[in-house]
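Engineer:
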Amino acid sequence: MALTLKASPLPPGSTIGILGGGQLGRMLSQAASRLGFNVVILDPQENSPAGRVSQGQIVAAYDDPTALTVLGRVAQVVTFEFENVPAASVEAVASGGASVAPGPLALAVAQDRVEEKTFLNRVGARTVDFAAVDSLDDLIAGLERLGTPALLKTRRDGYDGKGQIWVKSARMAPDAWAAIGERPAVLEAKAAFVRELSVICARDHAGRIAVYPLGENRHAGGVLRTTLAPAAVDDATEKAARRIARAVLKGLDYVGVMGIELFDLGDGELRVNEIAPRVHNTGHWTQDG
364 MALTLKASPL PPGSTIGILG GGQLGRMLSQ AASRLGFNVV ILDPQENSPA
414 GRVSQGQIVA AYDDPTALTV LGRVAQVVTF EFENVPAASV EAVASGGASV
464 APGPLALAVA QDRVEEKTFL NRVGARTVDF AAVDSLDDLI AGLERLGTPA
514 LLKTRRDGYD GKGQIWVKSA RMAPDAWAAI GERPAVLEAK AAFVRELSVI
564 CARDHAGRIA VYPLGENRHA GGVLRTTLAP AAVDDATEKA ARRIARAVLK
614 GLDYVGVMGI ELFDLGDGEL RVNEIAPRVH NTGHWTQDG
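Quick note on my numbering: the sequence shown kicks off at 364 and runs consecutively.
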């Protein structure tokens, strides 16, 4: 579906609809308020964190057709604060004539790890080698090709280390397959990286792109604990990250803010870990930095 956005920025006093009422939605709403915008949240949880600081909240499931219609009518533009919102819901809002940014394509790509990696490599944003896994036989074949250890992740819904397991030997394959619930998955080759970086970038309706300086991320227990920004990187690494950001944004005809997580292999070599089609927790510093 073609993205339909007005040809000029929103005037102050406009209403922004946000699918999702969590922490990122709350921060989005607060930032929008400072710029003179009103915000309406759609979230199934009453008195959600974002709803408490917004003009209003529609309490309904993300796939409730009536709620989506109402949100599309009261808001001049609709966005989302996390990528587990059903892509069909974003499609429904756009089909109703509302402006949506980012569009349904970016959300659909980010929700499926195999689709995501396929897209990234197609636009020249390289990832680690990977294999789609739909059965135990696929997993065994993938381990033979990629070697061990390798990381098995569910294709959908995993986050913060959930829905994934390291497969350290071929003998682990049956237990690993059972551990993720025998769900469609992706098997990733181990990345020999020295650190994780991320880049926050944005593209507007006219195709203009802005890229923030890189951040260096440090995790504990699979959860991000610290981002150091700007990261200490050389020119080759900075330029490589900017090339990746532009390729991804243009490839998706993207409008909005995006976070891109990167494996730094050294000597300016980067591999994309994943993309987040929304504001990103490694970019909180951009609000006050």
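Cβ atoms here follow ideal geometry from the backbone N, Cα and C, with glycine treated the same way.
Confirm, please, whether the CB-CB distance from A604 to V557 is below 9 Å.
Structural biologist: For the purposes of this step, residue 557 is taken as residue 194 along the sequence shown, with counting starting at 1. For the purposes of this step, residue 604 is taken as residue 241 along the sequence shown, with counting starting at 1. Cβ atoms of V557 and A604: not closer than 9 Å.
Engineer: In this structure, how does DSSP classify A555 when only helix, strand and coil are distinguished?
Structural biologist: In the sequence shown, the residue the question calls residue 555 occupies position 192. Reduced to three states, the DSSP call for A555 is coil.
Engineer: Measuring straight from C-alpha to C-alpha, what distance separates V496 and E444?
Structural biologist: As a working note, residue 496 is residue 133 in the sequence shown. As a working note, residue 444 is residue 81 in the sequence shown. About 29 Å.
Engineer: Closest by CA to F626, which one among I543, E637, G385?
Structural biologist: In the sequence shown, residue 626 corresponds to position 263, counting from 1. The shortest C-alpha separation from F626 is found at E637.
Engineer: In chain order, what residues of the same chain lie with their CB nearer than 8 Å to the CB of N484, ignoring the 5 residues before and after it?
Structural biologist: For the purposes of this step, residue 484 is identified with residue 121 of the sequence shown, where counting begins at 1. Excluding residues within five positions, the ones whose Cβ falls inside 8 Å are T490.
Engineer: What does the alpha-carbon distance come out to for the pair A473 and E409?
Structural biologist: Counted from its first residue, the sequence shown places residue 473 at position 110. Counted from its first residue, the sequence shown places residue 409 at position 46. Their backbone Cα atoms lie some 27 Å apart in a straight line.
Engineer: If I measure Cβ to Cβ from E446 and keep anything under 7 Å in the same chain, skipping five residues before and after, which residues do I get?
Structural biologist: In the sequence shown, the residue the question calls residue 446 occupies position 83. Only L470, A473, Q474, A639, P640, R641 meet the Cβ criterion.
Engineer: If you compare alpha carbons, which of A423, R634, A539 is closest to V611?
Structural biologist: Here residue 611 refers to the residue found at position 248 when the sequence shown is read from its first residue. Answer by Cα proximity: R634.
Engineer: Would you identify the three-state DSSP class for Q418, choosing helix, strand or coil?
Structural biologist: On the sequence shown, position 55 is the one that residue 418 refers to. Q418 falls in the coil class under three-state DSSP.
Engineer: Extract the residue ranges of the beta strand (DSSP E) inside the stretch 439-513, only unbroken runs of 3 or more that lie entirely within it.
Structural biologist: Runs of the beta strand (DSSP E) inside the stretch 439-513: 440-443, 493-496.
Engineer: I'd like to know whether the C-beta atoms of A401 and G383 end up nearer to each other than 9 Å.
Structural biologist: Numbered from 1 along the sequence shown, position 38 holds the residue referred to as residue 401. Numbered from 1 along the sequence shown, position 20 holds the residue referred to as residue 383. The sequence shown places Asn at residue 401, rather than the Ala named in the question. No, Cβ-Cβ distance for N401 and G383 is not below 9 Å.
Engineer: Just tell me which of G614, K613, L577 has its CA closest to the CA of G631.
Structural biologist: Numbered from its first residue, the sequence shown carries residue 631 at position 268. Answer by Cα proximity: L577.
Engineer: Spell out a yes or no on whether the stretch 379-395 and the stretch 412-427 are touching, meaning 3 or more CB-CB pairs, one atom from each, closer than 8 Å.
Structural biologist: Short answer: they touch.
Engineer: Where do the ends of the beta strand (DSSP E) carrying L628 lie?
Structural biologist: The residue you call residue 628 lines up with position 265 of the sequence shown. Start and end: 619-629.
Engineer: Identify which residue in W648, Q527, V486, R508 has its Cα closest to the Cα of A494.
Structural biologist: Stepping through the sequence shown from its first residue, residue 494 is reached at position 131. With distances taken between Cα atoms, A494 lies closest to R508.
Engineer: Indicate the three-state DSSP secondary structure (helix, strand or coil) for S532 in the structure shown.
Structural biologist: The residue labelled residue 532 in the question sits at position 169 within the sequence shown. The answer is coil: DSSP assigns S532 none of H, G, I, E or B.
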